[in-house]
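> Have a look at the structure that comes next, please.
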């Protein structure tokens with residue numbers, strides 16, 4: 015600040031630490047009232063904002079934020095009458111189907127939860143499966159599992175009131191409705207509806223959805239056909255996101271999460287990508303600190319007891335590829351976990367084999383399915399200084415196919431272009447060259463390994479800056495050829511124009527097509543260049 019008379023005096027309260035005031039030790043406590051003098055009128059507003067933000071964050075600096083077990087220690091999902099109301103029920107083609115409402119009790123309020131249930135008629139001691147929908151979704155029974163002998167329940171937690179049947183949140187818990195904003199309310203994460211910082215994790219929408227989910231599990235266990243000792247769960251998209259809380263529930267033997275794994279609040283919202291170069295972490299607000307400690311899916315990792323499988327697309331918008339993989343490093347020893355990530359997949363897992371079925375049957379039913387140990391991988395420099403992935407999978411005699419992938423630079427997983435890379439087997443290790451264009455920026459790599467029983471595993475996400483490994487050399491070169499045929503264009507099929515010109519056509523006129531290949535530095539256009547298309551039409555266009 016410049017010398018002179020102060021323009022304004024600002025009373026502030028809080029704790030100060032070294033990063034804000036280097037002339038004070040980190041443990042210094044400033045007792046109110048504390049007065050700051052602001053001298054520079056032109057710079058006043060940024061300075062005021064900086065002071066207020068810093069102090070609001072520092073106020074909670076010594077606080078111990080709760081972990082998920084502390085948040086859930088007094089919640090009993092079995093407490094209270096279900097007050098079951100059967101809306102419709104029938105037995106047809108040997109399958110009992112039931113749609114009903116039951117009561118869940120959260121924060122002293124009653125929620126009427128809508129759900130669907132299906133099981134083979136006359137079944138006894140059937141394994142139970144909770145099937146959890148995604149964002150803005152609704153309950154759906156996975157009949158593949160019903161036909162295999164499972165008792166399947168799917169509940170609604172989105173509360174979309176445009177449907178004939180939906181979960182009914184009371185006004186005090188209206189933030190449970192995923193369309194809360196349209197109803198004059200607001201979803202609650204790290205901030206309350208009035209803009210203040212969240213101070214109670216039980217006030218969040220995420221807590222509410224988790225509580226309803228645990229109550230739905232109790233309702234599944236209450237069905238006479240269900241074996242309470244054989245229970246699994248799977249969730250898709252946001253259903254995967256809330257699956258990690260259920261993984262702490264001792265009643266569940268195994269969970270499978272599609273896509274959702276956390277790392278959204280703060281990390282995705284503020285683009286705090288794990289491999290930003292250089293890496294920066296903006297200061298967290300108190301609400302964010304609380305949410306990340308007590309509520310966020312990844313905070314549950316160290317407390318999960320269920321065997322946990324994550325199925326994802328490398329470019330999915332949820333928590334990011336590599337942060338999702340890192341989640342499992344927090345699991346307790348002895349808790350089974352694994353993951354598979356479909357390259358170039360967004361909300362796609364169709365290339366990940368029979369993983370979900372194999373996992374649930376192995377860990378819930380006790381089937382003796384083959385499941386390999388985790389592969390080992392590392393990026394090193396070869397003798398010429400070219401990066402290479404060295405991959406050693408387990409049970410190599412059981413491998414059906416193996417594919418290595420490479421990506422350059424892109425820190426945001428949603429925008430990455432993953433190249434297929436050829437590999438050469440050397441004993442039980444596969445080696446794939448990873449040519450780069452800049453030795454001072456990241457190269458990423460991982461592999462998918464498909465086994466003979468259609469189990470697919472992904473290796474760890476490897477990321478290195480080649481120059482930090484030694485005398486690295488850049489051998490990759492720019493290319494003007496974007497793709498041949500349909501190439502990497504999304505949602506297209508091959509087409510032939512006049513004179514035999516080969517091209518492609520969008521399969522969905524509303525979605526059109528896109529090509530993520532442009533995010534790869536290899537195909538970055540030179541300055542001043544243009545991309546043009548030639549269109550062929552079967553009739554004149556207006």
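In this note's numbering, the protein residues as written are 15 to 556. We put the CB at the ideal spot given by N, CA and C, even for glycine. Since this is a predicted model, take the numbers as computed values, not measurements.
Could you tell me if residue 262 is buried or exposed, where buried requires 16 or more neighbouring beta carbons within 10 angstroms of its beta carbon?
Residue 262 should be labelled buried.
> Determine the direct distance from the alpha carbon of residue 361 to that of residue 425, and round the result to whole angstroms.
If you take the alpha carbons of residue 425 and residue 361, they lie about 19 Å apart.
> Give the list of continuous alpha helix (DSSP H) stretches no shorter than 4 residues that lie fully inside the region 81-109.
Correct list: 82-86.
> Candidates 347, 329 and 280: which alpha carbon is nearest residue 305's?
Checked all of 347, 329 and 280; the closest Cα to residue 305 is 280.
> How about residue 161 and residue 154: are their beta carbons less than 8 Å apart?
No, the Cβ-Cβ distance between residue 161 and residue 154 is not below 8 Å.
> With a threshold of 8 Å on Cβ separation, who are the neighbours of residue 241 within its own chain once the five nearest residues in sequence on each side are excluded?
139, 140, 141 and 142.
> Hey, out of 429, 376 and 315, whose CA is closest to residue 83's CA?
Here the closest residue by C-alpha is 315.
> Following the continuous beta strand (DSSP E) through residue 375, name the residue where it begins and the one where it ends.
Not the beta strand (DSSP E): residue 375 falls in the alpha helix (DSSP H), residues 369-377.
> Please report how far the alpha carbon of residue 407 lies from the alpha carbon of residue 192, in whole angstroms.
Their backbone Cα atoms lie some 42 Å apart in a straight line.
> Starting from residue 343 and walking both ways along the alpha helix (DSSP H), at which residues does that stretch end?
Looking at the DSSP string, residue 343 is not in any alpha helix (DSSP H), and its letter there is neither H nor E.
> Let's see if you can read the secondary structure: which residues bound the beta strand (DSSP E) around residue 545?
Residue 545 -> no beta strand (DSSP E), and no H or E assigned at all.
> Would you mind reading off the limits of the alpha helix (DSSP H) that contains residue 306?
First-last of the alpha helix (DSSP H) with residue 306: 300-308.
> Three or more beta-carbon pairs under 8 Å between the region 116-124 and the region 335-344, yes or no?
Cβ pair count under 8 Å is below three, so no.
> Thinking C-alpha only, which one of 550, 388 and 287 is nearest residue 513?
Looking at the Cα atoms, 550 is the closest of the given residues.
> Tell whether a beta-carbon distance below 8 Å holds between residue 81 and residue 264.
The answer is no: Cβ separation not under 8 Å.
> Tell whether a beta-carbon distance below 8 Å holds between residue 118 and residue 266.
Their beta carbons are not under 8 Å apart, which means residue 118 does not touch residue 266 by this criterion.
> Below 6 Å CB to CB, which residues in the same chain sit around residue 97 once its five sequence neighbours on both sides are set aside?
Closer than 6 Å at Cβ, skipping near neighbours: 117.
> For a minimum of 3 consecutive residues, which ranges assigned as the beta strand (DSSP E) are wholly contained in the region 432-466?
433-435, 438-440, 443-447 and 457-465, all fully within the region 432-466.
> On the DSSP bridge assignment, give the partners of residue 471 in chain order.
Per DSSP, 463.
> Are residue 229 and residue 449 touching if we call contact CB-CB under 8 Å?
No.
> Contact check, residue 493 vs residue 536 under 8 Å by CB: the rounded distance?
Confirmed, about 6 Å.
> Under a three-way DSSP split, which group does residue 411 fall into?
Correct three-state label for residue 411: helix.
> Hey, out of 178, 300, 529 and 277, whose CA is closest to residue 78's CA?
For the residues 178, 300, 529 and 277, the minimum Cα distance to residue 78 belongs to 300.
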